[in-house]
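Going by mature numbering (1 follows the signal peptide of the UniProt record, and there is no 0), the letters in the sequence shown line up with residues -28 to -1, 1 to 367, in that order.
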Amino acid sequence: MAVTNYRALTLRKLLAGIALTITTCTQAAVLPEERTEFLFHQFDGGGVTISGPSVLVRKNVKETVSLWGNYYVDSVTSASVDVMTQGSPYTEERLQTSLGADFLYDRTTVSTSYTESSENDYDAQTISFGISQDMFGDLTTVAMGFSHGNDIVMRNGDEDEEVQFEDEATHSRYNFAVTQILTKSWIVSLVGETVIDEGFLNNPYRSVRYTQPNGNIARQPENYPRTRNSDAFAIRSMYYIPYRAALKFEYRTYSDSWGIKANNYEIRYIHPYKDRWKFTGKYRGYSQTQANFYSDLFPYSNAQDFLASDKEMSAFSDSLIGVGVAYEVKSKYLRMLDKLTLNLYVDQMSFDYENFRNHRLSQGTDDTPAEYAAGEEPLYSFDATVIRFFVSIWY
């Protein structure tokens, strides 16, 4: 059930990743440093646990080419409110591999990559291309990029009918960024991105609730439009302050053709301690409106052309408080290595839904009646913890 987990956070991933996507293009005139990173990550909240390792290797060829590869694994165990009210708990694994290269010529950097992701019911391939140019005495960097993805969406059945459903989706992204050094202590970036999604864009496992003429509650499959256009803009600022510390601020806005509007902001403080320690603290807030065709409970079957009850299509907000620490291992232990750091980051997230209710509380059993009638359940909310531990090695 790949879509259940990895498509559910699409909007927040988009907003959180806009600046990151452009960052890989804006480091013009200097190739990334050679390094290897080993990462373990875990998300735990709302009945869902996602964990796994990741390995990144980057190697430079002379002074003009940088090659990199990434291997990423997600192991998923899900018993979320959506799963428990429409099916049963499940486990699955997602494997993702990426290969890329950066080419440096004078003040121009060209980047390209290919990513392939595979699950038991979702396959995706994405190619990307980016170019960045330093100008005006290297005080300004202009970058633009493009990526295109082809996905195969499936719905698995039982052993006798392994695949019940199969369709396709495509995703095209166009982004643009300008980074300006304003003073020796202040850097500002402006980022824009347009995304065109086409094909089967909803979850084949999801359904909506509706009221039958006799008052009982029934379900029918979700149905989304087969086209979605979205625009996102972000401003990022970093200011260096005394004691070698830095203060970062980001604000992002998003809107799409489905009627969703979202805003996201983040404040981050980075403080070094002595020569080998670095501490980070951050706060992030996010809010969005609902899709035009969303409802937690529809009045009758086929109440409208498009139907959605996925909680990520509802109006909701979330907040994040995160802390992190990085330690650089002393050089006398490294020998052949240039540098080695140990990094640990922990984020605590809270999600509050404004018009998505806890459906589990209206589902009774033969022995136990339901606590609430459908449509009268308390609004849903949950907390989640994200842990990332990684080792970075420079050589």
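For glycine and all other residues, C-beta sits at the position ideal for the given N, C-alpha and C. In this text the structure is predicted, and so the values were computed from the model without any measurement.
Excluding five sequence positions before and after Y245, the CB atoms of its chain that fall closer than 7 angstroms to its own CB belong to F251, given in chain order. Its chain contains Y255, R256, G257, Y258, M321, S322 as the residues whose beta carbon lies nearer than 8 angstroms to that of S291, once the 5 sequence neighbours on both sides are disregarded; these appear in chain order. Distance between D95 and S47, taken at the CA atoms: about 16 angstroms.
Closest by C-alpha distance to V2, out of Y177, Y44, V82, E64, is V82. For the beta strand (DSSP E) assignment, the uninterrupted runs of no fewer than 3 residues enclosed by the stretch 283 to 340 are, from N- to C-terminal side, 288 to 300, 311 to 329. As computed with DSSP, N195 is found in a beta bridge with L279. Counted as a single uninterrupted DSSP element, the alpha helix (DSSP H) harbouring D54 occupies residues 53 to 58. Out of Q262, F75, F221, the CA that lies nearest to the CA of W158 is found in F221. Per DSSP, I232 has no beta bridge partner at all. Scanning G121, H143, V160 for the CA closest to the CA of T151 turns up V160.
Under the three-state reduction of DSSP output, A345 falls in the coil class, being neither helix nor strand. Judged by pairs of C-beta atoms under 8 angstroms, the stretch 303 to 314 does not touch the stretch 327 to 342, as fewer than three such pairs exist. Put simply, of A263, T57, Y272 the residue whose alpha carbon is nearest the alpha carbon of R329 is T57. By DSSP's assignment, D106 forms a beta bridge with T113. Under the 10 Å beta carbon count, K283 is surrounded by 16 or more other beta carbons and is classified as buried.
Counting only runs that start and end inside the stretch 13 to 84, the alpha helix (DSSP H) elements of at least 4 residues fall at 53 to 58.
For D355, the enclosing beta strand (DSSP E) covers residues 351 to 366. Shown here, E5 sits in coil according to DSSP, grouped into three states, outside any helix or strand.
Excluding five sequence positions before and after Q97, the CB atoms of its chain that fall closer than 6 angstroms to its own CB belong to E88, N122, given in chain order.
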